[in-house]
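Read the structure below first, then the notes.
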Amino acid sequence: RLGVIVPFRDSPNPTSQGADRTANLMEFVPFMTQFLKHAGVDFEIVVAEQTQGHIFNKGAMFNAGFALVKDRVDYIVLHDVDQIPENPQNNYAWPERPKHLCSASSQWNYRPSYGQMVGGAIIMQNKHYEKVNGFSNFYWGWGQEDDDFFFRLSHNGFMNSNDRLPPSIGRYKALSHKRVKDLDVTPMFKRGRKHLDATIHGRKTPEEGLKTLSYELVGEPVTDKPPGCTRYLVQLRLPWMPTNLNEVPP
């Protein structure tokens, strides 16, 4: 059984890259429901929705989604809400190793964006996600959590040249939403870059992640917005919870 894990938040604040995400979700869930049914996959879609008030943390939402669904599924796909598959040969079948599915998105003119790319959609067994300790919870705001995840995977012997769908099969349509320029020049992004560089060069070890995530659920899960998924509202409980992209830890 497959768990489709979707990190999510809609926000009027454009710096969160969250605008228009509800529209994306309303398109994503029915599309993926039909796509996976056609592929003959037994699945459920779990949406991990971060509460308002702090900068979005996509990695932590992936970790929360996994924690919520792991006992009901055998393998997972970590899926951005704005990417939907175009080729039925991309059948979301049981993977022997982690495999990057979204290898050619319309967002990048159907070309691989860069060699370490694992964003958009990546599929793996539960035990693989646990082995790499999930995503880092360190990165707030836009970017770098996927690059950190690539390092975690490659450090554990995954993500060689065969662990990615060929572009002809891994074609994805990028759903429209407002995009914000210059998110890679903020103090938050620079803080993340420093941490990522230290991790890649062995000055940091990925001990934090799935095992160190702390969160609580707000209210009861919702199953009709939209129908076809279970939507959990997640309040993070991490040591540092920034509220804007110019914030730095004390």
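Under the working numbering, the first residue of the sequence shown is numbered 502, with each subsequent residue one higher.
For glycine and all other residues, C-beta sits at the position ideal for the given N, C-alpha and C.
DSSP state of residue i mapped onto helix, strand, coil
i      : result
Arg692 : helix
Phe567 : helix
Arg573 : helix
Thr700 : helix
Leu711 : helix
Leu676 : coil
Asp543 : coil
Asp664 : coil
Ala549 : strand
Ser512 : coil
Pro531 : helix
Asp725 : strand
His656 : helix
Glu646 : helix
Phe651 : helix
Arg612 : coil
Leu526 : helix
Phe536 : helix
Gly554 : coil
Met562 : helix
Beta carbon of residue i nearer than 8 Å to that of residue j
i      : j      : result
Leu666 : Ser604 : yes
Asn657 : Thr713 : no
Tyr733 : Glu545 : no
Leu654 : Pro613 : no
Tyr576 : Leu676 : no
Ile506 : Pro743 : no
Thr552 : Gln736 : yes
Pro596 : Ala540 : no
Asn558 : Tyr640 : yes
Val548 : Leu526 : yes
Asn627 : Val574 : yes
Close-in-space but distant-in-sequence residues of the same chain around residue i (CB under 8 Å, 5 per side omitted)
i      : result
Leu711 : Asn564, Phe567, Ala568, Tyr630, Glu631, Asn634, Gly635 and Phe636
Ile585 : Glu528, Phe529, Phe532, Met533, Phe536, Tyr673, Lys674 and Leu676
Tyr611 : Ala605, Pro668 and Arg672
Arg694 : Gln645
Pro707 : Val633, Asn634, Ser637, Asp649, Phe652, Arg653, His656 and Thr700
Residues bridged to residue i (per DSSP)
i      : result
Asp736 : The identity of residue 736 in the sequence shown is Gln, whereas the question assumes Asp. Answer by DSSP bridge pairing, in chain order: Glu717.
Ala622 : His580
Ile585 : Lys674
Val505 : Ile546 and Val578
Lys632 : Paired residues: none, contrary to the question.
Ser606 : Tyr673
His601 : Ile623 and Arg665
Thr687 : Beta-bridge pairing links Thr687 to no other residue.
Thr731 : Val547
Same chain, Cβ closer than 6 Å to residue i, five either side skipped, listed in chain order
i      : result
Val723 : Arg732
Thr687 : Leu746
Met562 : Pro508, Ala549 and Gln551
Residues of its chain near residue i, where Cβ-Cβ distance is below 7 Å and the 5 sequence neighbours each way are ignored
i      : result
Asp664 : Arg598, Pro599, Lys600 and His601
Lys538 : none
Asn753 : Since the first residue of the chain shown is 502 and the last is 751, residue 753 is not available in this structure.
Discussion item. Three or more C-beta pairs under 8 Å: does that hold for the region 713-721 against the region 640-659?
Written reply: no
Practice prompt. Please confirm if the region 529-548 is in contact with the region 728-742, defined as three or more CB-CB distances below 8 Å between the two stretches.
Written response: yes
Worksheet item: Do three or more CB pairs link the region 575-590 to the region 616-627 at distances below 8 Å?
Response: yes
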